[in-house]
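In this note's numbering, the protein residues as written are 40 to 338.
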């Protein structure tokens, strides 16, 4: 007796198969490019510091002590202490969570909003394209950091406003890239086939066109993560970002800059090095993120 099966059901991979395929592809991407593997390892280190930092640091980052103020790096204080006797290593590690959260949240907001606006403008064209284009031109007409300063100064220097300001200045990058990628593919053969199959415009855009526009946008995401951290640190450095005594890399560099001439070099060096390493890590992750989401590389 022969059992009849549905060919479509038997050929479609299940969730477990898709997960296994993703992890095989992930391991392949890491193995094929040592620089990508290094960047993901460094990113994992920052994530671990952000998640488990309060349990890893040897001292309370807010605890002050006049007896141990401005001590140089030693076995008891690896990165030295600041002018209030606070342990610099503990503050650098704890600041990872805040800086990483600001960067990821700002880039996620700008990516979501920019992708939607740019995709709609590129797919429909006409007045939708003109309105979105003029709004993006207005944002790009200002120096981006100056625009972020103005937004935070007007709305108030809170963490939420720093995130919103950083998201706004990064929005045109994703909107313009999404518009260009969607505009190129909206008349492609696979798009016409999807329309003839009865798919709505929004489904064609979301399921068939947008996944093919993701690879170049993932490179932009990695770059913007670094820029977002620099933007948040820059706002804190000039007094428009996170307020003291909250541990934040930009604040720590600003405080340490006052002591460089007197010889306390460690106050600005270590938070600045952490900031540089984070930006370096995100810049290296671009190719790996592109290869992970590129449909043409999933063979």
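By construction, the Cβ of each residue, glycine as well, lies at the ideal position given by its N, Cα and C atoms.
The structure presented is a predicted model; accordingly, all values stated were derived computationally and were not measured.
Reduced DSSP category for residue i - H, G, I as helix; E, B as strand; rest coil
| i | result |
| --- | --- |
| residue 285 | coil |
| residue 46 | Note that residue 46 scores a pLDDT of 44, beneath 50, so its modelled location is shaky; the value from the coordinates is reported in the next line. DSSP places residue 46 in helix when its eight states are reduced to three. |
| residue 300 | coil |
| residue 181 | coil |
| residue 63 | helix |
| residue 162 | helix |
| residue 222 | helix |
| residue 250 | helix |
| residue 324 | coil |
| residue 196 | coil |
| residue 137 | helix |
| residue 103 | coil |
Check whether residue i and residue j have beta carbons under 8 Å apart
| i | j | result |
| --- | --- | --- |
| residue 131 | residue 313 | yes |
| residue 289 | residue 276 | yes |
| residue 208 | residue 183 | yes |
| residue 260 | residue 171 | no |
| residue 217 | residue 149 | no |
| residue 318 | residue 273 | no |
| residue 136 | residue 92 | yes |
| residue 342 | residue 205 | No answer is possible for residue 342: the residues shown for the chain start at 40 and end at 338. |
| residue 198 | residue 281 | yes |
| residue 327 | residue 72 | yes |
| residue 168 | residue 160 | yes |
Candidates the options: closest to residue i by CA position
| i | options | result |
| --- | --- | --- |
| residue 243 | 311, 158 and 284 | 158 |
| residue 115 | 122, 96, 133 and 262 | 96 |
| residue 176 | 214, 194 and 246 | 214 |
| residue 173 | 186, 238, 211 and 284 | 211 |
| residue 101 | 117, 306, 133 and 111 | 133 |
| residue 270 | 119, 110, 139 and 91 | 139 |
| residue 322 | 180, 258 and 160 | 258 |
| residue 111 | 253, 195, 165 and 304 | 304 |
Bridge-paired residues (DSSP) for residue i
| i | result |
| --- | --- |
| residue 120 | 126 |
Close Cβ partners of residue i (< 8 Å) along its chain, the five nearest in sequence each way excluded
| i | result |
| --- | --- |
| residue 162 | 221, 222, 225, 240, 244 and 248 |
Proximal residues to residue i (C-beta, below 6 Å), its chain only, five neighbours per side dropped
| i | result |
| --- | --- |
| residue 320 | 78, 81 and 82 |
| residue 128 | 117 and 118 |
| residue 99 | none |
| residue 310 | 131, 288, 291 and 292 |
| residue 263 | 146 and 209 |
Contacting residues, own chain, Cβ-Cβ under 7 Å from residue i (five flanking each side not counted)
| i | result |
| --- | --- |
| residue 307 | 292, 295, 296 and 299 |
| residue 108 | 120, 122, 123 and 124 |
| residue 192 | 279 |
| residue 103 | 123, 124 and 125 |
| residue 283 | 290 |
Neighbour flag for residue i against chain E, beta carbons, 8 Å
| i | result |
| --- | --- |
| residue 284 | Judged by its chain identifiers, the structure shown contains no chain E, having just a single protein chain. |
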